[in-house]
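Numbering (full-length UniProt numbering), first residue to last: 1 to 137.
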């Protein structure tokens with residue numbers, strides 16, 4: 001299965017064993033504190049059949065600068081410019097330079113089950129337990 005992309009700085013991998021492909025900013029941006037920016041990569045991609053692309057944060061940006069990503073699903077049939085929504089949860093403005101690695105693209109398989117309406121769901125060990133109900137630590 002090939003992962004095709006159209007011009008600019010295409011996705012790269014740090015090594016053959018890493019999961020994500022690094023994505024690069026095509027322009028300079030400033031992301032103010034507690035704000036967001038849509039950062040363009042100026043690439044278009046064709047994902048393998050039966051897959052979608054998930055945009056994930058880079059751990060170094062999250063740990064050092066409080067930068068996260070949002071709206072990270074690229075459908076298999078999308079052919080437009082891949083943009084990355086960067087959220088700055090830090091107290092300082094965050095500068096993005098053209099060519100900076102901003103996120104990672106992960107290719108994941110799709111499973112779309114049929115949806116069935118039922119009157120009652122079968123019981124499970126967890127049942128109706130919500131947040132924090134699966135264990136304590």
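The beta carbon of each residue, even a glycine, is placed where N, CA and C say it ideally should be.
Check: Out of 127, 103, 37 and 32, point me to the one whose CA is closest to residue 54's CA.; Outcome: 103
Check: Just grab the DSSP bridge partners of residue 106 for me.; Outcome: 54
Check: Go ahead and label residue 118 buried or exposed: buried means 16 or more other beta carbons lie within 10 angstroms of its beta carbon, across all protein chains shown.; Outcome: exposed
Check: Residue 48: which of 107, 82 and 20 sits nearest, CA to CA?; Outcome: 107
Check: For the pair the region 7-20 and the region 28-35, tell me if three or more CB-CB distances fall below 8 Å.; Outcome: no
Check: In terms of alpha-carbon separation, which member of 69, 101, 82 and 39 lies closest to residue 14?; Outcome: 101
Check: Taking only runs that begin and end inside the UniProt domain "dUTPase-like" (9-135), name each unbroken beta strand (DSSP E) of 3 or more residues, in chain order.; Outcome: 21-24, 29-31, 36-40, 44-46, 51-56, 67-70, 83-88, 94-96 and 101-109
Check: Go through its chain and collect everything with a Cβ distance to residue 39's Cβ below 7 Å, but skip five positions before and after it.; Outcome: 25, 29, 83, 84, 86, 96 and 102
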